[in-house]
Amino acid sequence: MFRRLHALQYNIKRVTVVYADFGAAELFRRILRRAGIRDRELSAWRKEKQRSDAEFDARYGTDTGGVQSLADVTEIVGDNARHGLAHIASDPDQFSDMLGRLALHVADYTFVDLGCGKGRALLLAGEVPFRSIMGVEFVPAFADAARKNLAIAAAKGLRSDIEVVTGDATQFDFPSGPLLVYLFNPFDSSIIRLVAHNVMESWRADPRPVFVVYSNPIHKDEFLALGWSVSVSGPGWTAFTPIS
Ligand SMILES: C[S@@+](CC[C@H](N)C(=O)[O-])C[C@H]1O[C@@H](n2cnc3c(N)ncnc32)[C@H](O)[C@@H]1O
0 MFRRLHALQY NIKRVTVVYA DFGAAELFRR ILRRAGIRDR ELSAWRKEKQ RSDAEFDARY
60 GTDTGGVQSL ADVTEIVGDN ARHGLAHIAS DPDQFSDMLG RLALHVADYT FVDLGCGKGR
120 ALLLAGEVPF RSIMGVEFVP AFADAARKNL AIAAAKGLRS DIEVVTGDAT QFDFPSGPLL
180 VYLFNPFDSS IIRLVAHNVM ESWRADPRPV FVVYSNPIHK DEFLALGWSV SVSGPGWTAF
240 TPIS
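For the sequence shown, numbering that gives the first Met the number 0 begins at 0 and goes up steadily by one.
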């Protein structure tokens with residue numbers, strides 16, 4: 000009963016946010032999808048995603064995949080639940096394309112995944128020698144799953160110093176030193192704007208190499224409006240930097 004009430008409240012809040020961000024046509028399309036009326040493209044995507052999730056998780060024996068709607072989650076930390084998007088894990092090929100094209104000296108950089116979900120991107124980042132790696136996730140159950148996945152992978156040889164913070168991305172204090180912030184389409188435009196502002200302020204207070212990689216960058220205009228420049232981009236992702 001509590002779960003159903005929670006899901007109903009969440010869905011009502013989302014309707015207003017989706018309408019404001021994408022308009023009536025997209026809202027209607029999403030309602031049809033929620034009702035189980037799915038277009039062919041979506042079911043083909045889900046099938047391929049299931050296959051690639053299983054392939055990735057076989058590597059360490061983890062559970063990072065699937066699509067989990069926030070409507071089905073009972074606890075979310077902070078006030079931004081209605082602005083959060085579903086949990087879907089990063090694509091490993093896109094992640095390595097992103098790191099390859101950015102070509103950073105990763106040993107100098109802290110990698111921060113805002114909305115780290117069950118930890119897929121943290122595991123991928125753990126395979127390259129970042130100076131440090133952190134994730135922030137506002138669903139405690141996902142943060143716990145990420146910690147569990149990281150422990151499983153660490154037992155199989157992955158580094159064991161990756162930290163997961165349970166909390167809202169807008170409240171996160173960015174560490175000093177060169178920084179790579181990673182976003183895999185985690186929230187709607189209002190939170191993207193706030194995060195773009197917060198990272199820019201962190202850079203102004205402490206100028207240093209800073210990049211934000213935004214995968215599936217639906218709201219990338221929020222970065223451009225705040226004066227961020229596109230550093231490099233690839234299929235389905237854009238990297239921003241505060242200096243032009
Ligand atoms: C698309 S998933 C990405 C998961 C992970 N980053 C990856 O690449 O595999 C987005 C995640 O962002 C989380 N999220 C959404 N809004 C958030 C917020 N305001 N603070 C922290 N996490 C948030 C969701 O719960 C979800 O787990």
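Quick reminder that beta carbons are idealized off the backbone N, C-alpha and C, glycines included.
One or two residues paired with residue i in a DSSP bridge
| i | result |
| --- | --- |
| residue 223 | Answer by DSSP bridge pairing: none, since residue 223 is not bridged. |
| residue 67 | 86 |
| residue 228 | 240 |
| residue 22 | DSSP, once it has assigned bridges, lists no residue as partnering residue 22. |
| residue 233 | 236 |
| residue 214 | 183 and 236 |
| residue 178 | 109 and 209 |
Proximity winner among the options, relative to residue i (alpha-carbon distances)
| i | options | result |
| --- | --- | --- |
| residue 199 | 179, 122 and 61 | 179 |
| residue 16 | 220, 82 and 191 | 82 |
| residue 189 | 21, 9, 2 and 11 | 21 |
| residue 128 | 108, 114 and 232 | 108 |
| residue 44 | 87, 126 and 212 | 87 |
| residue 176 | 70, 205, 69 and 160 | 205 |
| residue 12 | 228, 56, 202 and 187 | 187 |
| residue 70 | 3, 99 and 231 | 3 |
| residue 216 | 49, 48 and 232 | 232 |
| residue 234 | 213, 226 and 224 | 213 |
| residue 5 | 146, 183, 80 and 47 | 80 |
| residue 270 | 48, 192 and 74 | The displayed coordinates of the chain run from 0 to 243. Any statement about residue 270 would go beyond what the structure contains. |
| residue 193 | 28, 218 and 47 | 218 |
Near ligand 3: residue i beta-carbon under 7 angstroms from a heavy atom
| i | result |
| --- | --- |
| residue 185 | The model on display carries ligand 1 but not ligand 3. |
CB of residue i within 8 angstroms of CB of residue j, strictly
| i | j | result |
| --- | --- | --- |
| residue 163 | residue 142 | yes |
| residue 154 | residue 118 | no |
| residue 110 | residue 181 | yes |
| residue 90 | residue 42 | no |
| residue 72 | residue 167 | no |
| residue 222 | residue 195 | yes |
| residue 62 | residue 148 | yes |
| residue 209 | residue 241 | yes |
| residue 125 | residue 103 | no |
| residue 55 | residue 64 | yes |
| residue 97 | residue 236 | yes |
| residue 165 | residue 136 | yes |
| residue 121 | residue 94 | no |
| residue 101 | residue 238 | yes |
| residue 132 | residue 161 | yes |
| residue 67 | residue 85 | yes |
| residue 134 | residue 115 | yes |
Open item on the list: Suppose only complete runs of 4+ residues qualify. What are the alpha helix (DSSP H) ranges in the segment 181–209, listed by chain order?
Closed with: You should have 188–204.
Open item on the list: Please give me, in chain order, every unbroken run of the alpha helix (DSSP H) with length at least 4 that falls completely inside the segment 90–169.
Closed with: Along the length of the segment 90–169, whole alpha helix (DSSP H) runs at least 4 residues long occupy 91–101, 119–124 and 139–154, reported in chain order.
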